[in-house]
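Novice: A single structure is presented below for examination.
Residue numbers (our numbering): 1 to 156.
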């Protein structure tokens, strides 16, 4: 019986320990956030992140900046370049083959960009910062995105 109680007690002590953490996001903007105004309503997505690299499937260089937080409204910025790594500059969805896609989700509706611009103002191996705007459309509705900004870490 002692052989059973000692591991059980150790397990209960370990499981009941709680690591202190701050789960309250900052009030607005800052690191790891995406902010946009959609049809006049501003949303701040905390805990956003980005990935940056070369697709093993297409060979394109791709950066994906997004956040699933603040459901039901989510935002995703996808920048693609077939020839060069993503860099600090302005990308539009008319500047080459599939260079930019802005995807906005509102509940179960997905909106994709008709016109859009993403400007990367600062880019390092671990962080990306910039602005965006555009018009996104679903099968039944159009929304205007303004005052968009992102300030996020790049996940290795």
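Virtual Cβ for every residue (Gly too), placed ideally from N, Cα, C.
Keep in mind the model is a prediction, meaning the values are calculated, not measured.
(1) Residues in its own chain within less than 8 Å of residue 42 by CB, not counting five upstream and five downstream?
(2) Using 10 angstroms around the beta-carbon of residue 74, count the other beta-carbons present and answer buried if the total reaches 16, otherwise exposed.
(3) Could you tell me the distance, in whole angstroms, from the CA atom of residue 60 to the CA atom of residue 118?
(4) Helix, strand or coil for residue 40, going by three-state DSSP, please let me know.
(5) Going by C-alpha distance, which of 40, 44, 51 is nearest residue 153?
(6) Per DSSP, what kind of secondary structure is residue 89 in: helix, strand or coil?
(7) Let me know the secondary structure DSSP gives residue 151 once reduced to three states.
(8) Let me know the secondary structure DSSP gives residue 125 once reduced to three states.
(9) Measure the alpha-carbon distance for residue 132 versus residue 115 and round it to whole angstroms.
(10) Spatial neighbours of residue 91 within its chain, please: CB distance less than 6 Å, with the 5 preceding and 5 following residues excluded, ordered by chain position.
(11) Starting from residue 104, follow the beta strand (DSSP E) in both directions and report where the run begins and ends.
(12) Nearest CA to the CA of residue 120: which residue from 89, 44, 113, 55?
(13) Cβ of residue 138 less than 8 Å from any chain C Cβ?
(14) Pull up the distance between the alpha-carbon of residue 106 and that of residue 66, whole angstroms please.
Specialist: Let's see:
(1) 35, 36, 147
(2) buried
(3) 18 Å
(4) coil
(5) 51
(6) coil
(7) strand
(8) coil
(9) 11 Å
(10) 79, 99, 100, 118
(11) 100 to 106
(12) 89
(13) Given the protein chain composition of this structure (a single chain), no chain C is represented.
(14) 14 Å
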